[in-house]
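Working notes, structure below.
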Amino acid sequence: MTVSTFFHVLKSRPPLRLLAQLSELVGAVEAELRLQMSSDVELVEQIGALTLGAGGKRLRPALCAISAAASGGVVTKERIVRLGACLELIHMATLIHDDVIDGAATRRGKPTASIIFGNTSAILTGDVLLAKAMKLLAEDGDLAIIRMVSAAVTELAEGEVKEVAVRGDYLLPQEDHLKILRMKTAAFTECCCRVGAMAAGAGEAQIQALGLYGHHLGMAFQIIDDILDFRGDHAKTGKPLATDFREGQATLPLILLNDTLSQEEKVFVEEKFGNGVSDADLAMIIRWMTERKAIQKAFLMAEEEGAKAQGQLAALPKSEERDVLHSIIEFVLSRES
Ligand code: FPP
Ligand code: MG
């Protein structure tokens with residue numbers, strides 16, 4: 014999904030003027046990303062082009078730009094484009110690394126960098142993108158923003174380490190899983206919103222509200238990601254089904270299903286968990302998730318996070334940009350890819 018399609022699919026359609034403005038801004042981020050992908054090293058350029066060409070909603074630069082405007086503050090286009098590109102470069106680096114960790118063959122329906130170029134080249138190019146993001150941050154030069162982004166990226170990376178550490182734990186407590194979601198996803202969406210508001214010189218109350226909005230939006234986003242892993246339409250998600258389960262990663266639908274299983278059923282599911290489940294057994298486990306309302310409960314938890322994100326918007330001045338932040342919650346809750 015390109016960024017203009019992203020803005021166009023928002024349920025409450027933003028006014029055309031704002032739509033054009035946001036599309037132009039994120040288009041400028043896209044151009045900056047292309048510039049950043051240039052390198053004297055051909056392999057870096059090739060992996061950069063593959064990553065850029067795979068598309069993406071550019072949700073993080075969009076959150077940064079919209080938060081800046083919704084905070085009531087003012088920022089130059091040049092700064093918001095540079096910061097947006099920095100945030101997207103970090104996101105791209107994490108996904109390249111994540112696909113290596115997951116052994117993923119496809120993302121967004123296209124072959125991953127690790128599949129085409131091998132794990133070593135993919136990991137190292139992810140490092141290059143991360144380094145380029147740091148360079149953009151330094152060029153912006155705002156120490157408070159540098160501190161905040163560094164802390165969020167640390168939390169994100171530690172979240173991924175924590176997730177790998179609990180891999181294979183079939184009885185992962187729900188609380189521990191939610192903590193991982195906070196660390197690996199919500200800390201960074203919070204950061205994107207805060208960066209926009211801080212760059213725009215917003216007041217502490219607005220920065221705080223936008224940060225909490227970003228946190229809850231990120232939690233909702235990742236819970237939906239957990240659900241799509243089991244229930245998504247492969248043609249839409251562009252990812253293989255049940256990667257988490259096959260890899261032995263307990264996520265919310267499985268954790269909630271476990272509460273409803275008999276001892277005998279638990280033994281059956283645990284035996285398949287991360288252990289080469291057949292298509293028929295997987296279909297049955299997913300059917301249980303639906304019949305025993307584990308999917309429904311997970312979705313309700315995502316909706317609760319969405320409602321909390323919505324609650325934070327009340328602290329912001331009324332604006333069309335604030336309405337767009339509201340539509341993004343609806344988009345995240347109804348997304349199929
Ligand atoms: C996708 O989640 C992955 C993340 C949100 C974080 C990945 C972080 C790292 C690999 C470590 C840090 C790396 C850098 C460069 C700082 P998911 O695996 O649940 O979703 P998916 O279904 O899209 O794979
Ligand atoms: Mg993954």
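Residue numbers (the numbering used here): 14 to 350.
For glycine and all other residues, C-beta sits at the position ideal for the given N, C-alpha and C.
Values in this document were obtained by computation on a predicted structure and should not be read as measured data.
- Remark: the C-beta of residue 111 is in contact range of the ligand MG, defined as less than 6 Å to any heavy atom.
- It is roughly 11 Å from the alpha-carbon of residue 181 to the alpha-carbon of residue 285.
- DSSP, reduced to helix, strand and coil, places residue 348 outside both helices and strands of the structure shown, so it counts as coil.
- Residue 205 places its beta carbon 7 Å or farther from that of residue 224.
- Between residue 298 and residue 244, the CB-CB gap reaches or exceeds 7 Å.
- Bounds of any alpha helix (DSSP H) do not take in residue 288, whose DSSP letter is neither H nor E.
- Comparing alpha-carbon positions, the option among 71, 34, 115 and 81 lying closest to residue 256 turns out to be 115.
- Assignment of residue 120 by DSSP, reduced to helix, strand and coil, places it in the strand class.
- The beta carbon of residue 138 sits closer than 6 Å to the beta carbons of 57 and 60 from its chain, once the five residues preceding and following it are set aside; these are given in chain order.
- Excluding its 5 nearest sequence neighbours in each direction, residue 47 has C-beta neighbours in its own chain below 8 Å: 65, listed in chain order.
- Residue 53 and residue 131 have their C-alpha atoms spaced approximately 20 Å apart.
- A straight line joining the alpha-carbon of residue 135 with that of residue 325 spans about 38 Å.
- A distance below 6 Å between beta-carbons, with the five flanking residues on each side excluded, links residue 343 to the following residues of its chain, in chain order: 24.
- In the DSSP annotation of this structure, the continuous segment of the alpha helix (DSSP H) that includes residue 309 starts and ends at 307-326.
- Just so you know, the alpha carbons of residue 109 and residue 141 end up roughly 11 Å apart.
- Per DSSP, the unbroken alpha helix (DSSP H) holding residue 232 starts and ends at 217-244.
- Annotation: residue 246 to residue 177 spans about 26 Å, alpha carbon to alpha carbon.
- Per the C-alpha coordinates, the member of 193, 184 and 167 positioned closest to residue 175 is 193.
- With a threshold of 6 Å, the Cβ atom of residue 115 counts as near the ligand MG, since some heavy atom of the ligand is closer than that.
- Cβ atoms of residue 231 and residue 203 come within 8 Å of each other, at about 6 Å.
- Around the C-beta of residue 271, 16 or more other C-beta atoms lie within 10 Å, and the residue is accordingly described as buried.
- Per DSSP, residue 64 is one residue of the alpha helix (DSSP H) stretching across 55-66.
- Here DSSP, grouped into helix, strand and coil, assigns residue 250 to helix.
- Annotated as distal: residue 210 and residue 127, with beta-carbon spacing of 7 Å or more.
- Looking at the backbone, the Cα of residue 106 and that of residue 341 are separated by about 24 Å.
- Around the C-beta of residue 250, 16 or more other C-beta atoms lie within 10 Å, and the residue is accordingly described as buried.
- Taken through DSSP and simplified to helix, strand or coil, residue 153 comes out as helix.
- For residue 50, there is no enclosing alpha helix (DSSP H), as DSSP marks it with neither H nor E.
- For residue 129, the number of other beta carbons within 10 angstroms of its own is below 16, and it is reported as exposed.
- Each residue's CA atom was taken as its position, placing residue 172 and residue 197 some 5 Å apart.
- Spanning the alpha carbons of residue 143 and residue 74 requires a straight line of approximately 15 Å.
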